[in-house]
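So the structure is just underneath, and the comments pick up after that.
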Amino acid sequence: MPATPPAQLTVGFDLDMTLLDTRPGVRATYLALSAETGTYIDADLAVTRLGPPLLDEIRNWFPEDEAERIVDRYRELYRDHAFAPTVALPGAHAAVEAVRAHGGRVAVITGKYEPNARLHLEHAGLAVDTVIGDLWAETKGEALREHGASVYVGDHLGDIRGARHADAVAVCVPTGPYSAQELREAGADVVLADLTGFPDWLAGHLAERG
């Protein structure tokens, strides 16, 4: 009886502050939204809270009955203001290439609006296999499970929750709002200084798996 072939490696990545430093573009978009609406938004504060759904942040500045409309407008303004100032974080390209070097697939699973996430990746020159947006914490885990991801790489406590929900290895980088210690205490399986360490970690992880 023929042996069952091993499942193809799939690695999931978060987007904001994992693959890309989107803070300058997010800040510029909030400032444009504030100028257009006449509503004060502390853009410098908002960019320290990337990760949870955009609607959560918008509710800090606008009435509930306006929030959904403002989210839509933010996403429109985002295309004009966010892509140019956004840069890939150290090691992002090498991390994606490392997955491919092992015959794997790359899935970007993010809380960002999916069309804008795709444009971000295109602008940054990061070619991935799958992009799934508008997800957070456990709903990221559902997407990870659906796509057979065994590893999820992120920067947020919500990313750890997503990995746990999918029984995936939670790899974290302290390039977002949390320190390495906070990520470890929250249950990250692996904490790397940044993505430059990911290719070596992945090689060792796959060797251990056999």
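To get my numbering, take the position in the sequence shown, counting from 1, and add 20.
In this text, a Cβ means the ideal position worked out from N, Cα and C, and glycines have one as well.
Please read all numbers here as calculations on a predicted model, not as lab measurements.
Pair within 9 Å by beta-carbon distance, residue i and residue j
i      : j      : result
Pro197 : Thr68  : yes
Arg125 : His167 : yes
Leu226 : Leu51  : no
Gly153 : Tyr133 : yes
Gly182 : Leu164 : yes
Residue nearest to residue i in terms of C-alpha spacing, selected from the options
i      : options                  : result
Thr59  : Tyr94, Gln201 and Leu40  : Tyr94
Val189 : Pro83, Ser199 and Arg204 : Arg204
Pro44  : Arg79, Ala186 and Leu109 : Leu109
Inter-residue Cα distance where the pair is residue i and residue j
i      : j      : result
Trp17  : Met37  : With the chain covering only 21 through 230, there is no way to say anything about residue 17.
Arg47  : Gly230 : 44 Å
Thr159 : Val128 : 13 Å
Leu75  : Ala112 : 27 Å
Val211 : Val193 : 6 Å
Asp100 : Val107 : 16 Å
Asp209 : Thr57  : 43 Å
Thr216 : Leu39  : 11 Å
Val119 : Val31  : 7 Å
Phe238 : Ala55  : The chain is shown from 21 up to 230; residue 238 falls before or after that span and cannot be answered.
Asp187 : Val91  : 32 Å
Leu146 : His140 : 9 Å
Leu222 : Ala104 : 31 Å
Asp9   : Asp41  : For residue 9 there is no data in the structure shown, the boundaries of the chain being 21 and 230.
Residue(s) in a DSSP beta bridge with residue i
i      : result
Thr150 : Ala127
Asp36  : Leu40
Val191 : Val173 and Val210
Chain-order list of residues whose beta-carbon lies under 7 Å from that of residue i (same chain, five-residue window excluded)
i      : result
Pro25  : Bear in mind that a pLDDT of 45 at Pro25, under 50, signals an unreliable position, so the model cannot answer this.
Met21  : Legend: pLDDT at Met21 = 42, less than 50; position of this residue unreliable, value from coordinates given subsequently. Once the five neighbours on either side are set aside, Met21 has no close Cβ partner at all.
Leu207 : First, the amino acid is wrong: residue 207 is Gly here, not Leu. Excluding residues within five positions, the ones whose Cβ falls inside 7 Å are Ile180, Arg184 and Ala190.
Leu97  : Thr49, Ala52 and Leu53
Contacts around residue i, its chain only, beta-carbon distance under 6 Å, and the 5 residues preceding and following it disregarded
i     : result
Ala23 : Here Ala23 scores only 41 on pLDDT, less than 50, and its place in the model is too uncertain to base an answer on.
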